[in-house]
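In our numbering, each number is its position in the sequence shown, counted from 1, plus 327.
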Amino acid sequence: MDAIENTAGSVPHDETDAPLYRDPRAPVAARVEDLLARMSLDDKIGQMTQAERLEATPEDVTAHRLGSVLSGGGSVPSPNDPVTWADMYDDFQRAALATPLGIPILYGVDAVHGHGNVVGATLFPHNIGLGATRDPALVRDIGAVVAEEVSGTGITWNFAPCLGVVRNPRWGRTYESFGELPELPTAMTSFISGLQGPRVGPRPSVMATAKHFVGDGGTKDGDDQGDTRLAEEELRALHLPPFLAALERGVGSVMISHSSWNGLRLHGHRYLVTEVLKEELGFSGIVVSDWNGLDMIYEADAFGPAEVRAAVNAGIDMVMVPEEWRRFIETLRAEVLAGRVPAARIDDANRRILTRKFEQGLFEHPLTDRAYTGRIGGAEHRALARRAVAASLVVLKNEGGLLPLAPGIDEIFVAGRSAHDIGMQCGGWTVSWQGEPGPVTVGTTILDGIRAAAGPGTTVRYHPDGHGAGPSCKVAVAVVGEEPYAEDEGDRPAGMGLDPVDLDTIARLRAAGVPVVVLLVSGRPLDIAAELPGWDALVACWLPGTEGRGVADVLFGAAAATGRLPVTWMRSADQLPITHGDGQDPLFPYGFGLTYPARP
Ligand code: GLC
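Structure below.
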């Protein structure tokens, strides 16, 4: 059988043999060309369309030949457990295989600190805490565990890591950043190597997404989806390095930022997306838009032909149109037929998408490998997460060497909204998009950890508000901070101080006349300088995830205190933005952290 000529519209193939694109021994590039030559315009436009699982049925996937489906934050099957996830994935995948060409889908999800949508998954510290570890090898190992747990639900595309360089902690996505200088996000692209392995490949390799290209963390006033006003030289120096590192690691996809650069939305920015990312930097993977990112290109309420044309011609290959995917397909078809979107651009997008699907072995192994399903939330994974929690803590104050707490201390009083609340300690992107307080998933709270770590001779008393703390206790621990949030709902344009409820709790503990240790569970530095003199110790715990025991490990010295600030800590919110080297006088500088060794 002669190989199909690698040109569009090649002669019909002798169907007695399997088509070339179905031959796993053939080079990926040849399989792509063979398949592309068989695809209609509708096939190709379908491949570029990513719909939300709640807005498209498996039958829609078949009928419209959709290339991708996603679960947005909190878009979960019921019951929300790994097996049901895997069954859901397989249903969508079987529907894709029922199309004439049988092109499997890519299913995408935000496993940004572990497979957060899935109850029972192992959840790690959010990126700001991982930045504090300054341990790329640890972050790589985390990526590998996340890959196993995501693979256990069938899914092969993770919209992570966020490589934003946070320049103002008012930004609601501060905790999704590894740090305020490019060096930490650049180093922590090791997550990509853990998640994908040496390259995008078959499960448990999961395709990573470097996001959000470019400058998402540099917007004015930390306004999420706002405007990053920088000269090109500064944009390249501050925000581009992590993406260069991601490309060097073979990242399979790049997600475009909702934000703007000097007033122009990234989703329509052909210079940055095509001329810089694809041509100058040579990115050959998939460029995916963000959630309804087309709508905002011209500040309209919803996309129209102009936005579709602008986004696809800018270089976006896969369009995340969760609800309006039918209208997107119609609009893009019309733009192509009118000659306003070149067929070559459609083919380029399809080559990128199909290449990743062949590399992932999805044509040969489209369905979930259930061997990984049972590994979700396993003890080994949780042990790694616990180690990561300990490494992420930053001790900012430690009067008289109060920490680590002495073994055999006879009474400890624990208080605070975040002491015994797994939802608070996990933060956003946890079972729901915004996250929420309460027993939302499986793990150990910080109080669980303290109770487990305290010796048999130690009485651990607890009241969320601190009522009952008295002179009988030798030390009081206040676990306080921020309620969960995500994205723009976490922006803090006004005050950056502690919640009054938390301040009251700490006051009650101080009234007991005993040393007070404050454990801050927050997604960013907070304005606490005024209160700090009344605290004997302060530890930034960030958003530790499901393994609260890792906090107690440092508190009691089972683990060393080694973490260092990945962001500058303001002396006052009036200083914001405040960053390393800007000449201001912070409360704690970037890189600061008191350390102590683990107890023998
Ligand atoms: C959100 C976020 C992006 C995420 C996407 C899909 O709006 O900006 O980080 O990957 O939608 O959930």
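Each residue gets a CB set at the ideal place from its N, CA and C atoms; glycine is no exception.
{"Check": "Measure the Cβ-Cβ separation of residue 679 and residue 641 and say whether it is below 7 Å.", "Outcome": "no"}
{"Check": "Exposed or buried, what is residue 928 when buried is set at 16 or more other beta-carbons lying within 10 Å of its beta-carbon?", "Outcome": "The first residue shown for the chain is 328 and the last is 927, placing residue 928 beyond what the model contains."}
{"Check": "At what residue ranges does the stretch 400-431 contain a whole run of the alpha helix (DSSP H), taking only runs of 4 or more?", "Outcome": "409-424"}
{"Check": "Could you check whether the Cβ of residue 437 sits closer than 6 Å to any heavy atom belonging to the ligand GLC?", "Outcome": "yes"}
{"Check": "Just to confirm, is the Cβ distance from residue 348 to residue 850 under 7 Å?", "Outcome": "no"}
{"Check": "So, with DSSP's three-state summary, where would you put residue 296?", "Outcome": "Shown here, the chain extends from 328 to 927; a query on residue 296 therefore has no answer."}
{"Check": "Throw me the rounded Cβ distance for the residue 506 and residue 473 pair, which I believe falls under 8 Å.", "Outcome": "In fact, because the Cβ distance is near 20 Å, the residues do not count as touching under 8 Å."}
{"Check": "Given a cut-off of 7 Å on the beta-carbon distance, is the pair residue 455 and residue 893 in contact?", "Outcome": "yes"}
{"Check": "Just checking my contact of residue 807 with residue 744 at CB under 8 Å: how many whole Å lie between their CB atoms?", "Outcome": "6 Å"}
{"Check": "Classify residue 834 as helix, strand or coil using the three-state DSSP reduction.", "Outcome": "helix"}
{"Check": "For a test of your reading of the model: does the CB of residue 486 fall under 6 Å from any non-hydrogen atom of the ligand SAM? Yes or no.", "Outcome": "In terms of ligand content, the structure shown lacks the ligand SAM and carries the ligand GLC instead."}
{"Check": "What residue does the alpha helix (DSSP H) around residue 714 start on, and which one ends it?", "Outcome": "706-719"}
{"Check": "Assuming residue 521 and residue 504 are in contact, meaning their beta carbons sit under 8 Å apart, how far apart are those beta carbons, in whole angstroms?", "Outcome": "That pair is no contact at about 18 Å."}
{"Check": "According to DSSP, simplified to helix, strand and coil, what is residue 539?", "Outcome": "strand"}
{"Check": "Any heavy atom of the ligand GLC closer than 6 Å to the CB of residue 498?", "Outcome": "no"}
{"Check": "Applying the criterion that 16 or more other CB atoms from any shown protein chain within 10 Å of the CB defines a buried residue, is residue 615 buried or exposed?", "Outcome": "buried"}
{"Check": "State the start and end residues of the unbroken beta strand (DSSP E) segment that holds residue 702.", "Outcome": "Counting along the chain, residue 702 falls outside any beta strand (DSSP E), and DSSP gives it neither H nor E."}
{"Check": "Fully enclosed by the stretch 541-612, which beta strand (DSSP E) runs are 3 residues long or longer?", "Outcome": "580-583"}
{"Check": "On the DSSP letters alone, give me the boundaries of the beta strand (DSSP E) that residue 790 sits inside.", "Outcome": "786-790"}
{"Check": "Check each candidate in 508, 643, 519 and 799 and name the one with the smallest Cα separation from residue 545.", "Outcome": "508"}
{"Check": "In angstroms, rounded to a whole number, what distance separates the CA positions of residue 811 and residue 360?", "Outcome": "47 Å"}
{"Check": "Taking C-alpha atoms, which residue in 921, 608, 874 and 483 lies nearest to residue 775?", "Outcome": "874"}
{"Check": "Does any heavy atom of the ligand GLC sit closer than 6 Å to the C-beta of residue 652?", "Outcome": "no"}
{"Check": "Do residue 553 and the ligand GLC come close, with the Cβ less than 6 Å from some heavy atom?", "Outcome": "no"}
{"Check": "Indicate the three-state DSSP secondary structure (helix, strand or coil) for residue 616 in the structure shown.", "Outcome": "coil"}
{"Check": "Taking only three categories from DSSP, how would you classify residue 643?", "Outcome": "coil"}
{"Check": "Alpha carbon to alpha carbon, how far is residue 382 from residue 650?", "Outcome": "6 Å"}
{"Check": "In terms of residue numbering, what span does the alpha helix (DSSP H) encompassing residue 881 cover?", "Outcome": "876-882"}
{"Check": "Going by alpha carbons, who is nearest to residue 837 out of 380, 444 and 860?", "Outcome": "860"}
{"Check": "Could you name each continuous alpha helix (DSSP H) segment of 4 residues or more that falls completely within the stretch 466-544, going from the start of the chain to the end?", "Outcome": "510-514 and 517-523"}
{"Check": "Can residue 399 be considered in contact with the ligand GLC, in the sense that its beta carbon sits closer than 6 Å to one or more heavy atoms?", "Outcome": "yes"}
{"Check": "From residue 589 to residue 439, what does the alpha carbon distance come to, in whole angstroms?", "Outcome": "28 Å"}
{"Check": "Consider the C-beta atom of residue 618 and the heavy atoms of the ligand GLC; say whether any pair is separated by less than 6 Å.", "Outcome": "yes"}
{"Check": "Just curious, the alpha helix (DSSP H) that residue 740 is in, first and last residue?", "Outcome": "Segment 738-742 is the beta strand (DSSP E) holding residue 740; no alpha helix (DSSP H) there."}
{"Check": "Classify residue 846 as helix, strand or coil using the three-state DSSP reduction.", "Outcome": "strand"}
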